Structures are given as structure tokens and as C-alpha cells.
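Chemist: Below you'll find the structure I mean.
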Amino acid sequence: MASLLRGEPVAENVRRRIREKCEALQKKGVIPTLGIVRVGSRGNDIAYERGAMKQARALGVDVKRFLFDETVSIEDLRRTLEAINADPGIHGCLIFRPLPPHLDKMQLSGILRPEKDADVITAAAMGQMVTRTGNDFAPCTAAACLELLRYYRFPLKGKRVTVIGKGINVGLSIALLLLNEEATVSVCHIFTAPAEVRRLCREAEIIVSAAGCAGLIGAEHVRPGQIVIDVGVNTGADGKICGDADFSAVEPVVQAVTPVPGGVGAVTSCILMEHVVDAAVRSVQKPPQ
407 MASLLRGEPV AENVRRRIRE KCEALQKKGV IPTLGIVRVG SRGNDIAYER
457 GAMKQARALG VDVKRFLFDE TVSIEDLRRT LEAINADPGI HGCLIFRPLP
507 PHLDKMQLSG ILRPEKDADV ITAAAMGQMV TRTGNDFAPC TAAACLELLR
557 YYRFPLKGKR VTVIGKGINV GLSIALLLLN EEATVSVCHI FTAPAEVRRL
607 CREAEIIVSA AGCAGLIGAE HVRPGQIVID VGVNTGADGK ICGDADFSAV
657 EPVVQAVTPV PGGVGAVTSC ILMEHVVDAA VRSVQKPPQ
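Numbered by the working numbering, the letters in the sequence shown go through residues 407 to 695 in order.
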């Protein structure tokens, strides 16, 4: 039976760091502030926004919301992002995606300054992550995976890791972070032959699945002694939330596995808040121009 790598103790450890940083900032008269930009009223976005606001209040982080209906023009959204850039009182920004089709995400992605890009969605912020320049932010879900592995003290240097999924903000970013930790990383994706996926998974010491496909990882993919980090969030045949791993098949075999829900997702929103707070810390440390 595997150990369950629950996200809540990891999240609480991140929250402890955030509280300490917020207390230090408040002594300097600075309140870390997150700007939330939401276009439309998708239920998932609203639910996440409410959760983020609740968590922010508990940690001493302020939130400013910029809400638009789905017909907003690209000019109006551009002006809002430019205003956020210019506002020294807003330290980080979260833009809910996907945006409506008429909004050119490539145009908009070049507007938000990387130091305020709390979830690393812009090309500039992603470039800083790849080159290890500027701030040290990574997309929140990818950073949450690394935070979880560190908390549970799994060494990464020289370890064989298989990542399933190559999305820019999740799979690819996780692979880059693991490479930075000196892991040996293989990446599988939709065009990787199923037999090759099974082989690479079984050879790995750590599996990170971010494919968004329920039941993708079965007993044939795993062996004793492995660590499985399940990033997938799916709806199973029974209507319940599940990960990419067939939990009932994988859990009896491996050494440790993250549950879904209750694993990586529990850490992700805390990472977002820490990015905002760290940006506020940098704004205080930045020499006057």
C-alpha cells in the first residue's frame, strides 16, 4: 500500500512562509496585492476566484478584481493590463483563461510585465523561467509539483523521471523545473506510442502525469518503489473527480502517490499567493529609479 502524498501539509508549509513575509511587509507599510482579470462568468473561474479571495484574506493579501463581459474589446483589456503594469500597489496579476476567440492572446501576452505575471502565462515570464533570469517564478501547477516533492524529501538529482503531457504551462514547465534539479527527464505526449509510454513509466523512479486523461496510468505502467505525482483533474465514469492514474490499480503497487483531489491542487493556489508576496518583497527591495 502506497504512502499518500497529501497536499494540505505542503500547502500549510507554504502558507507559513507567506504569513512571515506578509508580516515583514506590513511593518514597511506594504500590503501584497493580487489583480484578478476575468472575462466572462464561467463557473469554474468564479469558484476559483472565490477560493483565491478567501485564501488571500486569510494570509493578508489584498485582491483587486477587473471583471469584463465576453464582448470586451481588446483595446479595453489592453488598457486594463497597462494600468496594472503602472500601478505600484498591484504586485501580481492572474488572468483567467481561455479568453474569448476575438481576443488575440499573443497580443495580450506581450503586455503584462513579467514581474507581475503571477502564473507565468506570458512569453517574457516563460523565457525568464527557461533562462533562469529575472524572477524565479514558474507556472503555479508546475511549481506546486516541485514544492510537493521537496516537502516529502524525495531527492531529484540524477533520478529518472517520466513526465506525461507537454502543455506549456504544466507538462513542459514541470520537465524544465526537474531538469533544473538535475533529474534525467523523459517526456511523453499524445504521439508517443502506448508501448513506449509504458516502458518509460516503468523505467522511471518518479512519474508525473499531466495529460488530463482519466485512467491513463494503470498497473502496467508502474512497479514497486516508484513515486507517482498525479496532476490530472478529470471526471471519471462515476461522475467523481479523479486524476490520470487509475488509483485503485496504482496505489497498491507504488511507494507513494498523490491523491486526486487533495494532492497537487491543494498546493497550487498557495503558490500563486506566494508569487504575489515575493513580487511585493522585490518591489520593496528594488532601488528607486
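Where is the CB? At the ideal position from N, CA and C, for every residue including glycine. In this text the structure is predicted, and so the values were computed from the model without any measurement.
Considering residue 554, what are the terminal residues of the beta strand (DSSP E) in which it resides?
Modeler: Along the sequence shown, one-based indexing puts residue 554 at 148. Unbroken run through residue 554 is the alpha helix (DSSP H), 546 to 557; no beta strand (DSSP E).
Chemist: Comparing alpha-carbon positions, which option in 625, 628 and 642 lies nearest residue 618?
Modeler: For the purposes of this step, residue 618 is identified with residue 212 of the sequence shown, where counting begins at 1. Nearest of 625, 628 and 642 to residue 618, Cα basis: 642.
Chemist: Quick one: Cα of residue 427 to Cα of residue 580, how far?
Modeler: Within the sequence shown, the letter at position 21 stands for residue 427. Within the sequence shown, the letter at position 174 stands for residue 580. Looking at the backbone, the Cα of residue 427 and that of residue 580 are separated by about 26 Å.
Chemist: Using the three-state DSSP reduction, which class does residue 594 fall into: helix, strand or coil?
Modeler: Here residue 594 corresponds to residue number 188 of the sequence shown, with the count starting at 1. Note: residue 594 maps to strand in three-state DSSP.
Chemist: How would you label residue 622, buried or exposed, when you count the other beta carbons within 10 angstroms and need 16 or more for buried?
Modeler: The residue given as residue 622 occupies position 216 in the sequence shown. Buried, by the Cβ-count rule.
Chemist: Nearest to residue 545 by CA position, among 560, 559, 563 and 574, is which residue?
Modeler: As a first step, residue 545 is located in the sequence shown; it is residue number 139 there, counting from the start. Here the closest residue by C-alpha is 574.
Chemist: For residue 474, name the three-state secondary structure that DSSP assigns.
Modeler: Indexing the sequence shown from 1 puts residue 474 at position 68. Of the three classes helix, strand and coil, the one that applies to residue 474 here is strand, per DSSP.
Chemist: Use the C-beta contact count for residue 681: other C-beta atoms within 10 angstroms, 16 or more gives buried, fewer gives exposed.
Modeler: Along the sequence shown, one-based indexing puts residue 681 at 275. Flag for residue 681 reads buried.
Chemist: For residue 645, which of 635, 620, 473 and 627 has the nearest alpha-carbon?
Modeler: Within the sequence shown, the letter at position 239 stands for residue 645. The shortest Cα separation from residue 645 among 635, 620, 473 and 627 belongs to 620.
Chemist: Would you say residue 496 and residue 460 are within 8 Å of each other, going by their C-beta atoms?
Modeler: Start at 1 with the first residue of the sequence shown, and residue 496 comes out as number 90. Start at 1 with the first residue of the sequence shown, and residue 460 comes out as number 54. For residue 496 and residue 460, no; Cβs fall outside 8 Å.
Chemist: So, at 6 Å on beta carbons, what are the nonlocal neighbours of residue 650 in its own chain, with the 5 sequence-adjacent residues on each side left out?
Modeler: One-based indexing of the sequence shown puts residue 650 at position 244. The answer, listed in chain order, is 615, 617, 619, 622, 623, 636 and 638.
Chemist: How would you call residue 358, buried or exposed, if buried means at least 16 neighbouring beta carbons within 10 angstroms?
Modeler: There is no way to answer for residue 358, as the model of the chain reaches only from 407 to 695.
Chemist: Would you give the residue range spanned by the alpha helix (DSSP H) that residue 447 belongs to?
Modeler: Counted from its first residue, the sequence shown places residue 447 at position 41. First-last for residue 447: undefined, no H or E at that position.
Chemist: What does DSSP give as the partner residues of residue 615 in its beta bridges?
Modeler: Start at 1 with the first residue of the sequence shown, and residue 615 comes out as number 209. According to DSSP, which records beta bridges pairwise, residue 615 is partnered with 570 and 636.
Chemist: Helix or strand or just coil, what does DSSP make of residue 671?
Modeler: To locate residue 671, count along the sequence shown from 1; it is residue 265. Residue state, collapsed to three classes: helix.
Chemist: Does residue 437 come out as helix, strand or coil in the three-state DSSP assignment?
Modeler: On the sequence shown, position 31 is the one that residue 437 refers to. Here residue 437 sits in coil by DSSP.
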